[in-house]
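Protein chains in written order, with our numbering: chain G, 1 to 117; chain B, 118 to 230. The beta carbon of each residue, even a glycine, is placed where N, CA and C say it ideally should be. Since this is a predicted model, take the numbers as computed values, not measurements. Down below is the structure, laid out as structure tokens.
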Amino acid sequence: ETGVTQTPRHLVMGMTNKKSLKCEQHLGHNAMYWYKQSAKKPLELMFVYNFKEQTENNSVPSRFSPECPNSSHLFLHLHTLQPEDSALYLCASSPELAGGPTKETQYFGPGTRLLVL
Amino acid sequence: DQQVKQNSPSLSVQEGRISILNCDYTNSMFDYFLWYKKYPAEGPTFLISISSIKDKNEDGRFTVFLNKSAKHLSLHIVPSQPGDSAVYFCAASASNTGNQFYFGTGTSLTVIP
Chain G
1 ETGVTQTPRH LVMGMTNKKS LKCEQHLGHN AMYWYKQSAK KPLELMFVYN
51 FKEQTENNSV PSRFSPECPN SSHLFLHLHT LQPEDSALYL CASSPELAGG
101 PTKETQYFGP GTRLLVL
Chain B
118 DQQVKQNSPS LSVQEGRISI LNCDYTNSMF DYFLWYKKYP AEGPTFLISI
168 SSIKDKNEDG RFTVFLNKSA KHLSLHIVPS QPGDSAVYFC AASASNTGNQ
218 FYFGTGTSLT VIP
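Shown next, in the form of structure tokens:
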């Protein structure tokens, strides 16, 4: 396997369920990201991890809980979600975080299409 | 409020002609811009980037133009090929925001054979 993989690709869950999304990158990168893409809306950054440490939490509700056990794996734990959380959840990675005018390109996984009933 | 806007949700172009995808931004602090391409059931893939010190960057059939005074960038694809049919996202970032990118909503390009 190469690149960034995400499982499952599709998920249907009830509002009382607990589920987890998994992301794995095989690129040797140190930064990983969770994005949410709702219909007809831009990608919204949710969380950023750099060297396993969380560096960004963009005011995401606590029903979304990220976990980064190592630089290759990223999880998004879901519990008591709402129907409006239905969206495409994309994971990305980059070599590391970079400031200044030169940015590290992010490599995206295929996403998990989540439907909350 | 959206800081990056792609006002055309879709665009159709004849094969061999030029495709021009547009993107506008509101934050004058943005100094790095990228275009991503997304096929159905796949994640976005990086296409081309430009920093604010340039007004043009070219890579094969793809050229990105940046007009800082108008806060506008565009992606030109010439000649367009059917395999270019995809959704194109522009993204912008500012030096003081680490690696946080702000994305547009995308433009779906269809290249007609």
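Over the uninterrupted beta strand (DSSP E) stretch that includes residue i, give me the two end residues.
i	result
K173 of chain B	173-176
V113 of chain B	Because residue 113 of chain B is not part of the residues shown, which for chain B are 118 to 230, the question remains open.
Q166 of chain B	The amino acid occupying residue 166 of chain B in the given sequence is Ser; Gln does not appear at that position. Here the beta strand (DSSP E) through S166 of chain B covers 162-168.
K154 of chain B	147-155
E159 of chain B	Here E159 of chain B belongs to no beta strand (DSSP E), and DSSP marks it neither H nor E.
F47 of chain G	44-50
For chain G, check one thing: does any of its Cβ atoms lie closer than 8 Å to the Cβ of residue i?
i	result
P157 of chain B	no
T180 of chain B	no
G133 of chain B	no
DSSP has residue i in a bridge; who is on the other side?
i	result
R113 of chain G	G:H10, G:L88
S20 of chain G	G:H77
P66 of chain G	G:L76
H193 of chain B	B:I137, B:T180
V130 of chain B	B:V228
A209 of chain B	B:F150, B:Y219
N144 of chain B	Beta-bridge pairing links N144 of chain B to no other residue.
Taking 8 Å as the threshold (beta carbon to beta carbon), is residue i in contact with chain B?
i	result
V60 of chain G	no
T105 of chain G	yes
F64 of chain G	no
Below 8 Å on the Cβ atoms is my contact criterion, and I expect residue i with residue j to pass it. Report the Cβ-Cβ distance as a whole number of Å.
i	j	result
V228 of chain B	E132 of chain B	6 Å
Any contact between the region 107-114 of chain G and the region 53-64 of chain G? By contact I mean 3 or more CB pairs, one from each, below 8 Å.
no
Validate contact between the region 140-159 of chain B and the region 167-179 of chain B using beta carbons, cut 8 Å, 3 pairs
Three or more pairs of CB atoms, one per stretch, sit closer than 8 Å, so the region 140-159 of chain B contacts the region 167-179 of chain B.
Cβ pair count under 8 Å reaching 3, the region 221-228 of chain B against the region 28-44 of chain G
The region 221-228 of chain B is in contact with the region 28-44 of chain G.
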